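Trainee: Dropping a structure here in structure tokens format, bear with me for questions.
Next comes the structure, spelled out in structure tokens:
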């Protein structure tokens, strides 16, 4: 390896570390902002315990995204281990909280190139990831249809959703390969877990009785659609503002605005803490892989 290549690799390593440091600082500031807007005195120890469980679930769900990225990366012939992909994904992922909503993608590009992965391959894997996330997220609109058409039974929406998801997975396997199809299904499961966390928060913070299955599916689907809108909005760090607006429109008549605000703020806090847990896990994996 030439001196120029060594210097470039060293520069890329420093750039990746710098982005991670800035992201952590910005993350702490944003979490502090969410915390200031929450009246935490109303929460009982059992509520806090349930929220902490959701934080761990949220952090673990990120593993699905990291593994799907690994599948998309290796389908191009890149020799990368699962745990390198997981650590790279987790370390760079905090950059999504920085203004611009693309810093995490740039950070992943920098870390990958520092490890010797071709830049064009990294860029292609990112495009695949965003495309599959958009497709998977849009399919949850089928579950949300009953929010717009009150007479539509939820079992019809659920049946359509499952049929379309299975059909899309089969189509991807036949037209591309099994790795792309598997990545797609991992995205579907990740989004389902995100919606389930939102519904669980509604049950923990607001509901005093069991949730109706139809309402639960509707709320989960509405959250996923709002999440997708935030993901696809340029310049909105982690979709801030966009998701809240979409949720307010979709859940009108199901949740009051004060209740929705409480759930959204706590969902944001859970997401931030979950991402940080996954970041710490990724740092640990990266350190262990060097030994």
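Residue numbers (this note's numbering): 231 to 521.
Even for Gly, the Cβ is constructed at its ideal location relative to N, Cα and C.
Source: prediction; values computed, not measured.
In or out: residue 214 buried (at least 16 other Cβ within 10 Å) or exposed?
Mentor: Missing from the structure shown is residue 214; the chain here goes from 231 to 521 and no further.
Trainee: Taking a contact to mean a Cβ-Cβ separation below 9 Å, would you say residue 459 touches residue 425 in this structure?
Mentor: The answer is no: Cβ separation not under 9 Å.
Trainee: Confirm, please, whether the CB-CB distance from residue 420 to residue 317 is below 9 Å.
Mentor: Contact flag unset, no.
Trainee: Measuring straight from C-alpha to C-alpha, what distance separates residue 444 and residue 461?
Mentor: Those two C-alpha atoms are separated by around 26 Å.
Trainee: Tell me, please, which residues DSSP counts as bridged to residue 309.
Mentor: Beta-bridge pairing links residue 309 to no other residue.
Trainee: If you reduce the DSSP assignment to three classes, tell me which class residue 485 lands in.
Mentor: Looking at residue 485 - three-state DSSP - the assignment turns out to be strand.
Trainee: How big is the Cα-Cα spacing for residue 341 and residue 507?
Mentor: When rounded, the distance between both Cα atoms is 20 Å.
Trainee: What three-state label does DSSP hand residue 373 in the structure shown?
Mentor: Note: residue 373 maps to coil in three-state DSSP.
Trainee: Alpha carbon to alpha carbon, how far is residue 400 from residue 366?
Mentor: Each residue's Cα considered, the two are about 14 Å apart.
Trainee: Just to confirm my understanding: we take residue 394, look at its own chain, exclude 5 residues before and 5 after, and list those with CB closer than 7 Å. What are they?
Mentor: Excluding positions up to five away in sequence, the list reads 369 and 372.
Trainee: Helix, strand or coil: which one does DSSP assign to residue 379?
Mentor: Coil.
Trainee: So the alpha helix (DSSP H) residue 406 belongs to, where does it begin and stop?
Mentor: Neither: residue 406 is in no alpha helix (DSSP H) and is coded neither H nor E.
Trainee: In the structure shown, what three-state DSSP assignment does residue 426 receive?
Mentor: Correct three-state label for residue 426: helix.
Trainee: DSSP three-state call for residue 515: helix, strand or coil?
Mentor: Correct three-state label for residue 515: helix.
Trainee: Specify, as a first and last residue, the run of the alpha helix (DSSP H) that residue 207 falls within.
Mentor: One cannot answer for residue 207 here, as it falls past the ends of the chain, which runs 231 to 521.
Trainee: Over what stretch of residues does the alpha helix (DSSP H) that includes residue 289 continue unbroken?
Mentor: Residue 289 -> alpha helix (DSSP H) spans 275-304.
Trainee: By Cβ distance, which residues of its chain are closer than 7 Å to residue 315, with the 5 residues on each side in sequence left out?
Mentor: 296, 299, 300 and 303.
Trainee: In whole angstroms, give me the CA-to-CA distance for residue 414 and residue 363.
Mentor: Taking the straight line from one Cα to the other gives about 7 Å.
Trainee: Look at the alpha carbon of residue 324 and the alpha carbon of residue 504, and state the distance between them as a whole number of angstroms.
Mentor: Answer to the nearest angstrom: the Cα atoms are 11 Å apart.
Trainee: Does the contact criterion of 3 or more C-beta pairs under 8 Å hold for the stretch 478-495 versus the stretch 277-289?
Mentor: Touching, no, given that fewer than three Cβ pairs across the two stretches are closer than 8 Å.
Trainee: Which of the three DSSP states is assigned to residue 478 in this structure?
Mentor: Three-state DSSP puts residue 478 in a helix.
Trainee: Assuming residue 333 contacts residue 434 (C-beta within less than 8 Å), just tell me the rounded distance between them.
Mentor: Wrong, their Cβ atoms sit about 32 Å apart, outside the cutoff.
Trainee: Just the Cα atoms here: how many angstroms apart are residue 339 and residue 498?
Mentor: Between residue 339 and residue 498, the C-alpha separation is close to 26 Å.
Trainee: State the Cα-Cα distance for the pair residue 349 and residue 379, rounded to the nearest angstrom.
Mentor: One C-alpha to the other measures close to 46 Å.
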